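There are 2 protein chains.
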Amino acid sequence: MNDTARYAIPADMLVEKLDARRAGRRQSKAGRVKSGEIREILEQEIVTGERSAGERLDEQAVAGRFGVSRTPVREAINQLASAGLVELIPNRGAFVRETGLADLVEMFEVMAEMEAMAGRLAARRIDAAGRAKLQVALLACESAAARDADDASDAYYYENERFHEAIYDACGNRFLAGEARRLHQRLKAFRRLQLRVPQRMRQSLAEHRRIVAAIEASDGERAEAELKAHITVQGERFADLVASLKPKGD
Amino acid sequence: MNDTARYAIPADMLVEKLDARRAGRRQSKAGRVKSGEIREILEQEIVTGERSAGERLDEQAVAGRFGVSRTPVREAINQLASAGLVELIPNRGAFVRETGLADLVEMFEVMAEMEAMAGRLAARRIDAAGRAKLQVALLACESAAARDADDASDAYYYENERFHEAIYDACGNRFLAGEARRLHQRLKAFRRLQLRVPQRMRQSLAEHRRIVAAIEASDGERAEAELKAHITVQGERFADLVASLKPKGD
DNA sequence: GTCAAGGTAATTGTATACGATTGAGCCGAA
DNA sequence: TTCGGCTCAATCGTATACAATTACCTTGAC
Numbered sequence: 042m043n044d045t046a047r048y049a050i051p052a053d054m055l056v057e058k059l060d061a062r063r064a065g066r067r068q069s070k071a072g073r074v075k076s077g078e079i080r081e082i083l084e085q086e087i088v089t090g091e092r093s094a095g096e097r098l099d100e101q102a103v104a105g106r107f108g109v110s111r112t113p114v115r116e117a118i119n120q121l122a123s124a125g126l127v128e129l130i131p132n133r134g135a136f137v138r139e140t141g142l143a144d145l146v147e148m149f150e151v152m153a154e155m156e157a158m159a160g161r162l163a164a165r166r167i168d169a170a171g172r173a174k175l176q177v178a179l180l181a182c183e184s185a186a187a188r189d190a191d192d193a194s195d196a197y198y199y200e201n202e203r204f205h206e207a208i209y210d211a212c213g214n215r216f217l218a219g220e221a222r223r224l225h226q227r228l229k230a231f232r233r234l235q236l237r238v239p240q241r242m243r244q245s246l247a248e249h250r251r252i253v254a255a256i257e258a259s260d261g262e263r264a265e266a267e268l269k270a271h272i273t274v275q276g277e278r279f280a281d282l283v284a285s286l287k288p289k290g291d
Numbered sequence: 042m043n044d045t046a047r048y049a050i051p052a053d054m055l056v057e058k059l060d061a062r063r064a065g066r067r068q069s070k071a072g073r074v075k076s077g078e079i080r081e082i083l084e085q086e087i088v089t090g091e092r093s094a095g096e097r098l099d100e101q102a103v104a105g106r107f108g109v110s111r112t113p114v115r116e117a118i119n120q121l122a123s124a125g126l127v128e129l130i131p132n133r134g135a136f137v138r139e140t141g142l143a144d145l146v147e148m149f150e151v152m153a154e155m156e157a158m159a160g161r162l163a164a165r166r167i168d169a170a171g172r173a174k175l176q177v178a179l180l181a182c183e184s185a186a187a188r189d190a191d192d193a194s195d196a197y198y199y200e201n202e203r204f205h206e207a208i209y210d211a212c213g214n215r216f217l218a219g220e221a222r223r224l225h226q227r228l229k230a231f232r233r234l235q236l237r238v239p240q241r242m243r244q245s246l247a248e249h250r251r252i253v254a255a256i257e258a259s260d261g262e263r264a265e266a267e268l269k270a271h272i273t274v275q276g277e278r279f280a281d282l283v284a285s286l287k288p289k290g291d
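As given, the protein sequences belong to chains A and B, one line each in that order.
In this text, residue positions in the first sequence follow the working numbering: the first is 42, and each later residue adds one.
In this text, residue positions in the second sequence follow the working numbering: the first is 42, and each later residue adds one.
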């Protein structure tokens, strides 16, 4: 389907407790909007790799599976298409766009640039409240990383998210913040995986400290450089990881 | 509705021949997909300012106006929501998000960064075919600008688009290219307006030449700087123009 | 006169039904 | 045997119908 040979990311590397989520969602309210639910679940399934093939998403089948009509399924699929997760061929259907390694590298490249930009702007524009939030986020990362428990990775993952959000908020450009959040969301599962690389968490934390230092010093150039390196390293480590685990040409 | 006082962009500054477009589209085919048509027209109306107020988009009203049912209108509105042009409040409806001057400045800031990134990458990665396409695009810009006709602005506007597309394509990052196209599309009408500033077209052309020179020299840093300046200037000129024409607090 | 509560009207969200377009399979002719 | 056209089934896109949620207005009590 694609013109470049690509590495498929194995599903079991990215599994998140989907069934738990589903159950949790179900209990929320009886007649809640179903389109959003379906979108989330499908999105997870695609990102996770359960649907990694260039497979077609049959509206009717999905509708039957969730016990709803085609209408909310259509809305969900359209949203996925807007997010770039599926390709929508007129009068043909929706096909999941396999995000191969090449695509991920590209996305990390863009992500690095956006984060760097946010950092540069934040260094110049951050106010007292933002500074406080950033410090709190950094401390949370530290304490999460300090835990030697098995779920330290999960905890750090969550706090890492908060840390980057704090930078987005501080950049003073709400449009940029929104775009960065979108991309971050899309790379979520892959970022998480990447934390399993040995020593990565500790290294990430050190980078966070340097980033904060640069922002505190109002040194936009340095913040930009540190953040770009921070994200680029993530992309590279991720690529290494995938390549070393599953070097199969398609 | 918004927390900052903002400048409304007057509708008549941005008018494009909508009725002509509508007529042209209508003739195409009888039973073609209507959702896309509606999306385009609504998008134009919002960007143009015909709907600039924080007004609600009534599905039924829109459906009646176009002589279709609510279903395609819903799809169109959802797509607009994904594009960020309207805000979707659950069970309340869709409200056009007024893109004020502040938002535009933010968007231009991000656009500048993305274009700059594309240029930097293109300088390193462009191949012979891309080089040729870029040269052709530049020449087309030159000849469009050379025309002294009244529609020189329109012609240059079109060729300018092609020029930037050529850079996107050459950057070797298809994800970046796609994102840049999205943003470019969204800023379309405003870019066009900005060309009316005296001497702007000539200046833009000069900047294009410098950009191409940098790329040809494989000087990524220079290409980045030139492109960032190129877009930033556009944003600033645009802000000046709007501010000078209609400095009314809302 | 003001505030709160209930009912009603309007609008969104979902279900079902129908038409239109595409792709595949079959048949026939060169 | 192969290629071109035709029929038909499947699926998307749209229309219509219904359910559920929300906001507004009326009414009543303090």
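Cβ atoms here follow ideal geometry from the backbone N, Cα and C, with glycine treated the same way.
Keep in mind the model is a prediction, meaning the values are calculated, not measured.
Through-space distance from residue j to residue i, alpha-carbon basis
{"i": "R203 of chain B", "j": "F204 of chain A", "result": "39 angstroms"}
{"i": "I79 of chain A", "j": "P113 of chain A", "result": "8 angstroms"}
{"i": "A353 of chain A", "j": "N201 of chain A", "result": "Since the first residue of chain A shown is 42 and the last is 291, residue 353 of chain A is not available in this structure."}
{"i": "V127 of chain B", "j": "D210 of chain B", "result": "29 angstroms"}
{"i": "E156 of chain B", "j": "G105 of chain B", "result": "41 angstroms"}
{"i": "A102 of chain B", "j": "E96 of chain B", "result": "13 angstroms"}
{"i": "A164 of chain A", "j": "L98 of chain A", "result": "45 angstroms"}
{"i": "A280 of chain B", "j": "I208 of chain A", "result": "26 angstroms"}
{"i": "G77 of chain A", "j": "K174 of chain B", "result": "43 angstroms"}
{"i": "L228 of chain A", "j": "A181 of chain A", "result": "22 angstroms"}
{"i": "R222 of chain A", "j": "M148 of chain B", "result": "15 angstroms"}
{"i": "V238 of chain B", "j": "D195 of chain B", "result": "13 angstroms"}
{"i": "A254 of chain A", "j": "A153 of chain A", "result": "19 angstroms"}
{"i": "V274 of chain A", "j": "K269 of chain B", "result": "25 angstroms"}
{"i": "S184 of chain B", "j": "L282 of chain B", "result": "26 angstroms"}
{"i": "V88 of chain A", "j": "R243 of chain B", "result": "47 angstroms"}
{"i": "E267 of chain B", "j": "I252 of chain B", "result": "6 angstroms"}
{"i": "E265 of chain A", "j": "R263 of chain B", "result": "18 angstroms"}
{"i": "A170 of chain B", "j": "R138 of chain B", "result": "41 angstroms"}
{"i": "A193 of chain A", "j": "R92 of chain B", "result": "50 angstroms"}
{"i": "A186 of chain B", "j": "G134 of chain B", "result": "45 angstroms"}
{"i": "V146 of chain A", "j": "S259 of chain A", "result": "30 angstroms"}
{"i": "R250 of chain B", "j": "G261 of chain A", "result": "30 angstroms"}
Residue i: contacting residues in chain A (beta-carbon distance under 7 angstroms)
{"i": "Q226 of chain B", "result": "Neighbours of Q226 of chain B on chain A: none; closest Cβ ~13 angstroms, over 7 angstroms."}
{"i": "R317 of chain B", "result": "Nothing about residue 317 of chain B can be read from this structure; chain B reaches only from 42 to 291."}
Test: residue i CB closer than 9 angstroms to a CB of chain A
{"i": "S69 of chain B", "result": "Summary for S69 of chain B: the model assigns pLDDT 34, below 50, so the residue's position carries little reliability, and this model does not support an answer."}
{"i": "F279 of chain B", "result": "no"}
{"i": "V114 of chain B", "result": "no"}
{"i": "E220 of chain B", "result": "yes"}
{"i": "Q275 of chain B", "result": "no"}
{"i": "Q235 of chain B", "result": "no"}
{"i": "Q120 of chain B", "result": "yes"}
Rounded Cβ spacing between residue i and residue j (contact assumed at less than 8 angstroms)
{"i": "G213 of chain A", "j": "R166 of chain A", "result": "4 angstroms"}
{"i": "M158 of chain B", "j": "L217 of chain B", "result": "7 angstroms"}
{"i": "L120 of chain B", "j": "N119 of chain A", "result": "It is Gln, not Leu, that sits at residue 120 of chain B in the sequence shown. Right, the Cβ-Cβ distance comes to about 7 angstroms (below 8 angstroms), so this counts as a contact."}
{"i": "Q235 of chain B", "j": "R278 of chain B", "result": "6 angstroms"}
{"i": "G276 of chain A", "j": "E150 of chain A", "result": "7 angstroms"}
{"i": "L83 of chain A", "j": "A122 of chain A", "result": "That pair is no contact at about 11 angstroms."}
Cβ-based burial, residue i [other Cβ within 10 Å; buried from 16]
{"i": "S110 of chain A", "result": "exposed"}
{"i": "I130 of chain B", "result": "exposed"}
{"i": "A247 of chain A", "result": "exposed"}
{"i": "R215 of chain A", "result": "exposed"}
{"i": "A240 of chain A", "result": "According to the sequence displayed, residue 240 of chain A carries Gln and not Ala. Counting Cβ neighbours within 10 Å, Q240 of chain A comes out exposed, since fewer than 16 surround it."}
{"i": "G108 of chain A", "result": "exposed"}
{"i": "R232 of chain B", "result": "buried"}
{"i": "Q85 of chain A", "result": "buried"}
Beta-carbon neighbours of residue i, restricted to chain A and to distances below 8 angstroms
{"i": "R80 of chain B", "result": "Neighbours of R80 of chain B on chain A: none; closest Cβ ~11 angstroms, over 8 angstroms."}
CB contact check: residue i to chain B, cutoff 9 angstroms
{"i": "L83 of chain A", "result": "no"}
{"i": "L98 of chain A", "result": "no"}
{"i": "A124 of chain A", "result": "yes"}
{"i": "H271 of chain A", "result": "no"}
Residues that residue i contacts on chain B, provided the C-beta gap is smaller than 9 angstroms
{"i": "S110 of chain A", "result": "Correct list: empty, because the minimum Cβ distance to chain B is about 12 angstroms."}
{"i": "V151 of chain A", "result": "M155, M158, N214, F216, L217 and E220"}
Contacts of residue i in chain B (Cβ-Cβ under 7 angstroms)
{"i": "E154 of chain A", "result": "E154 and M158"}
{"i": "D144 of chain A", "result": "F216"}
Closer than 9 angstroms at the beta carbon, the chain A residues around residue i
{"i": "Q101 of chain B", "result": "Those within 9 angstroms of Q101 of chain B in chain A number zero; the least Cβ separation is about 17 angstroms."}
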